[in-house]
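K.L.:
There are 2 protein chains.
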Amino acid sequence: MEVIVPFSTDRPKSRLSDALSPDERSAFARAMLDDVLDAVAAAGGEPRVLATDAVDADRPVTVDDRPLTAAVNAALDARLGADGDESDADGPPEPVAVVMADLALATPDAVERLFAAGRDAEVAMVPGRGGGTNAFVASHPEFRVDYHGASYLDHRDIAAEVGASFAAVDSHRLGTDVDEPDDLAEVLIHGEGRAAAWLREAGFALDASEGRVAVVRE
Amino acid sequence: MEVIVPFSTDRPKSRLSDALSPDERSAFARAMLDDVLDAVAAAGGEPRVLATDAVDADRPVTVDDRPLTAAVNAALDARLGADGDESDADGPPEPVAVVMADLALATPDAVERLFAAGRDAEVAMVPGRGGGTNAFVASHPEFRVDYHGASYLDHRDIAAEVGASFAAVDSHRLGTDVDEPDDLAEVLIHGEGRAAAWLREAGFALDASEGRVAVVRE
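Protein sequence lines correspond, in order, to chains A and B.
Counting from 1, one number per residue, gives the positions in the first sequence under this note's numbering.
Counting from 1001, one number per residue, gives the positions in the second sequence under this note's numbering.
Encoded structure:
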């Protein structure tokens, strides 16, 4: 299954600016991207980076400098068929996946669960904490995205409007997009890849002194 | 499978005190407990409330006013065998589950995944956001809990120390314990039971005006 991984090269991870400098945020974002690409490939997917500017990666890269929604919808148009016109198709489109680049807890097992759900339903989706859309598989020709606001609920509505069967995938790993300082604790607790190693090398450690575990920088 | 659901009747949900009055916190905690008990029963489990004081419920209730760790370990002693002494046992103990009472997003499907993992591994565990232990199934006679701090990592270590096979269960629904105001958004996005209905009736609604969705009270 082709798996599109959108990646912004421009001011990544601005909500981590209290914890990391701009250069550090770029390096950390890149470590997370590499972890996601590895998990996708290990799950049998064929990852393709959809970047806002050139990226030096050993995976295929498509550059599209439009906002996320427009760039992802252009990719869906190209793969699922523009305008939902199935008249000249030989059958339902091949499923295509879109997986965000900041899912630093992604494992091959979790990605395989997403793929399996996307073979059973025309739209299978992993909600992110806070109502975002962290990953999905679509095979319905008319499904398109709108990432503004609480996109998970909007995407569920869009799937219903176009008559696509829908499945939610219940995953803490894929549901954790790393945007805010509290998310760094999740990376240190569960991460096994480059992003977790990067954080540890940068001096971050878990602080269990009160309530939920937080991070401290040494 | 017997499923122990610890429930504190004393000052529940204090970290929600900025959002809810003491009486409201009690009512909301009780709505979450009932949602959890229903999900457990619908998944084929036999729920038992382990409460710090008397609770009026239509499920079996055990009262134990000790702190959480001591009360849960007493329950494990009674079911898995004290001191890990298997000498007079007829085989491995029946698995027993412990599921927290504030998992307002719990569904029968998610609980079934926990049960299935607990049949394959001697300790199967759902980490909570922030490194807590939201639910587990244990069948190893020597596994015991220590809920202080980042208990998920500690429990993984304890399982390794006693030689129990371990499985992590990757669930956003069971991984979301509702402790803090941001967690209320998850209940409104995903909840289908009494707790979500209670929040809506109390005037809470989603606010998608910036970043992750938050809640506002009308």
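Glycine is no exception: its CB is placed at the ideal position from the N, C-alpha and C atoms.
In this text, all values refer to a predicted model and were calculated from it rather than measured experimentally.
Using CA atoms only, rank isn't needed, just tell me which of Val111(A), Glu24(A), Ala27(A), Leu105(A) is closest to Glu2(A).
P.N.:
As a working mapping, residue 2(A) is identified with position 2 in the first sequence. The residue with the shortest Cα to Cα distance from Glu2(A) is Val111(A).
K.L.:
Using only CA atoms, which one of Phe1143(B), Thr1176(B), Leu1188(B), Asp1170(B) lies nearest to Gly1163(B)?
P.N.:
Reading the second sequence from its first residue, position 163 is the one you call residue 1163(B). When each option's Cα is compared against that of Gly1163(B), the closest is Phe1143(B).
K.L.:
Please compile the residues from chain B whose C-beta is within a distance smaller than 7 Å of the C-beta of Val213(A).
P.N.:
Locating residue 213(A) in the first sequence gives position 213, counting from the first residue. Those within 7 Å of Val213(A) in chain B are Gly1130, Gly1131, Ala1150.
K.L.:
Quick check on DSSP: helix, strand or coil for Thr1133(B)?
P.N.:
As a position in the second sequence, residue 1133(B) is number 133, starting the count at 1. Strand.
K.L.:
Could you give the uninterrupted runs of the alpha helix (DSSP H) lying entirely in the region 1006 to 1081 of chain B, keeping only those of 4 residues or more?
P.N.:
With a minimum length of 4 residues, the continuous alpha helix (DSSP H) runs that stay inside the region 1006 to 1081 of chain B are 1022 to 1042, 1068 to 1080.
K.L.:
Taking Ala1029(B) as the reference, which of Asp1102(B), Ser1165(B), His1155(B), Leu1076(B) has the closest Cα?
P.N.:
Here the question's residue 1029(B) lines up with position 29 in the second sequence. Cα-wise, what sits closest to Ala1029(B) is Asp1102(B).
K.L.:
When the cut-off is 8 Å and only beta carbons count, does Ser171(A) lie next to chain B?
P.N.:
Position 171 of the first sequence holds residue 171(A). Ser171(A) counts as touching chain B.
K.L.:
Whole angstroms are fine: how far does the CA of Val215(A) sit from the CA of Ser209(A)?
P.N.:
Within the first sequence, residue 209(A) is the residue found at index 209, counting from 1. Within the first sequence, residue 215(A) is the residue found at index 215, counting from 1. When rounded, the distance between both Cα atoms is 10 Å.
K.L.:
Under 9 Å Cβ-Cβ, which residues of chain B neighbour Ala197(A)?
P.N.:
Here residue 197(A) refers to the residue found at position 197 when the first sequence is read from its first residue. Correct list: empty, because the minimum Cβ distance to chain B is about 17 Å.
K.L.:
Is there a Cβ from chain A that is less than 8 Å from the Cβ of Ala1185(B)?
P.N.:
Here the question's residue 1185(B) lines up with position 185 in the second sequence. Chain A contact via Cβ: present.
K.L.:
Starting from Leu1200(B), trace the alpha helix (DSSP H) in both directions and tell me its first and last residue.
P.N.:
Locating residue 1200(B) in the second sequence gives position 200, counting from the first residue. For the sequence presented, residue 1200(B) should be read as Arg rather than Leu. Note, Arg1200(B): alpha helix (DSSP H), 1194 to 1201.
K.L.:
So, with DSSP's three-state summary, where would you put Pro108(A)?
P.N.:
By 1-based counting over the first sequence, the position of residue 108(A) is 108. In the structure shown, Pro108(A) sits in a helix (DSSP, three-state: H, G or I).
K.L.:
Taking the alpha carbon of Val145(A) as the point to measure from, which residue in Arg25(A), Val40(A), Leu80(A) has its own alpha carbon closest?
P.N.:
For the purposes of this step, residue 145(A) is taken as the residue at position 145 of the first sequence. Per the Cα distances, Leu80(A).
K.L.:
Would you say Gly175(A) reaches chain B, if we count a Cβ-Cβ gap shorter than 8 Å as a contact?
P.N.:
The residue you call residue 175(A) lines up with position 175 of the first sequence. Taking Cβ atoms only, chain B reaches closer than 8 Å to Gly175(A), which makes this a yes.
K.L.:
If contacts are defined as beta-carbon pairs under 8 Å, then Ala71(A) and Leu50(A) qualify, I think. What distance do you get, rounded to the angstrom?
P.N.:
Position 71 of the first sequence holds residue 71(A). Position 50 of the first sequence holds residue 50(A). Between Leu50(A) and Ala71(A) the Cβ distance is about 6 Å, and since that is below 8 Å, they are a contact.
K.L.:
Should the region 123 to 133 of chain A be regarded as contacting the region 161 to 176 of chain A, the criterion being three or more beta carbon pairs within less than 8 Å?
P.N.:
With the cut-off at 8 Å, the region 123 to 133 of chain A and the region 161 to 176 of chain A touch.
K.L.:
Below 8 Å between beta carbons: does that hold for Arg59(A) and Pro47(A)?
P.N.:
Position 59 of the first sequence, counted from the first residue, corresponds to residue 59(A). Position 47 of the first sequence, counted from the first residue, corresponds to residue 47(A). Contact flag set, yes.
K.L.:
Using the Cβ count rule (16 or more neighbours within 10 Å means buried), how would you classify Pro92(A)?
P.N.:
Locating residue 92(A) in the first sequence gives position 92, counting from the first residue. That one is exposed.
K.L.:
Considering only residues of the same chain and omitting the five flanking positions on each side of Phe1007(B), which have a CB-CB separation below 6 Å?
P.N.:
If you number the second sequence from 1, residue 1007(B) lands on position 7. Result list for Phe1007(B): Leu1033, Val1049, Ala1051, Ala1101, in chain order.
K.L.:
Using the Cα positions of Leu1020(B) and Val187(A), report the straight-line distance between them to the nearest angstrom.
P.N.:
The residue labelled residue 1020(B) in the question sits at position 20 within the second sequence. The residue labelled residue 187(A) in the question sits at position 187 within the first sequence. So the alpha carbons of these two residues sit roughly 31 Å apart.
K.L.:
For Leu68(A) and chain B, any beta-carbon pair shorter than 8 Å?
P.N.:
As a working mapping, residue 68(A) is identified with position 68 in the first sequence. It does not: the Cβ of Leu68(A) has no partner Cβ on chain B nearer than 8 Å.
K.L.:
For Pro1127(B), which beta-bridge partners are listed by DSSP?
P.N.:
One-based indexing of the second sequence puts residue 1127(B) at position 127. Bridge partners of Pro1127(B): Thr1133(B).
K.L.:
Cutting at 7 Å between CB atoms, please list the residues of its own chain near Ala1054(B), excluding the five before and the five after it.
P.N.:
Translated into the one-based positions of the second sequence, residue 1054(B) becomes position 54. Counting only Cβ-Cβ distances below 7 Å, and skipping sequence neighbours, we find Val1063.
K.L.:
For Pro1127(B), decide whether its Cβ has a neighbour in chain A, counting only Cβ atoms nearer than 8 Å.
P.N.:
The sequence position of residue 1127(B) within the second sequence is 127, counting from 1. It does: the Cβ of Pro1127(B) has a partner Cβ on chain A nearer than 8 Å.
K.L.:
Using a Cβ cut-off of 7 Å, pull out every chain A residue sitting near Leu1153(B), in sequence order please.
P.N.:
Position 153 of the second sequence, counting from 1, holds the residue named residue 1153(B). Chain A residues near Leu1153(B): Ile189.
K.L.:
Is it right to say Ala78(A) is buried, meaning 16 or more other beta carbons lie within 10 angstroms of its own, or is it exposed?
P.N.:
By 1-based counting over the first sequence, the position of residue 78(A) is 78. Looking at its Cβ environment, which holds fewer than 16 other Cβ atoms inside 10 Å, Ala78(A) is exposed.
K.L.:
As a quick exercise: from Glu1024(B), Pro1127(B), Asn1134(B), pick the residue whose alpha carbon is nearest that of Val1005(B).
P.N.:
For the purposes of this step, residue 1005(B) is identified with residue 5 of the second sequence, where counting begins at 1. That would be Asn1134(B), whose Cα lies nearest to the Cα of Val1005(B).
K.L.:
What's the call for Ser1014(B), buried or exposed, on a 16-neighbour Cβ count within 10 Å?
P.N.:
For the purposes of this step, residue 1014(B) is identified with residue 14 of the second sequence, where counting begins at 1. Exposed.
K.L.:
Mind pulling the beta strand (DSSP E) runs of 3 or more residues that sit fully within the region 154 to 186 of chain A?
P.N.:
You should have 166 to 168.
K.L.:
Looking at Leu1076(B): is its Cβ nearer than 8 Å to the Cβ of Ala1168(B)?
P.N.:
Against the second sequence, residue 1076(B) aligns to sequence position 76. Against the second sequence, residue 1168(B) aligns to sequence position 168. No.
K.L.:
Beta-carbon of Leu1080(B) versus every beta-carbon of chain A: anything under 8 Å?
P.N.:
Numbered from its first residue, the second sequence carries residue 1080(B) at position 80. Not closer than 8 Å to any Cβ of chain A, the Cβ of Leu1080(B) fails to qualify, so no.
K.L.:
Can you name the residues of chain A whose CB is closer than 9 Å to the CB of Ala1110(B)?
P.N.:
Along the second sequence, read from residue 1 onward, the residue named residue 1110(B) stands at position 110. Under the 9 Å cutoff, chain A gives Asp170.
K.L.:
Would Ala104(A) and Gly118(A) qualify as a contact pair, given that the criterion is a beta-carbon distance under 8 Å?
P.N.:
Working through the first sequence from its first residue, we reach residue 104(A) at position 104. Working through the first sequence from its first residue, we reach residue 118(A) at position 118. Contact flag unset, no.
K.L.:
Can a CB atom of chain A be found closer than 8 Å to the CB of Leu1114(B)?
P.N.:
Within the second sequence, the letter at position 114 stands for residue 1114(B). For Leu1114(B), the answer is no, since every Cβ of chain A falls outside 8 Å of its Cβ.
K.L.:
Return the chain-ordered list of same chain residues with a C-beta closer than 7 Å to the C-beta of Ala1042(B), the five sequence neighbours on each side being excluded.
P.N.:
As a first step, residue 1042(B) is located in the second sequence; it is residue number 42 there, counting from the start. If we look at Ala1042(B) and ignore the five residues flanking it on each side, its Cβ neighbours are Pro1108.
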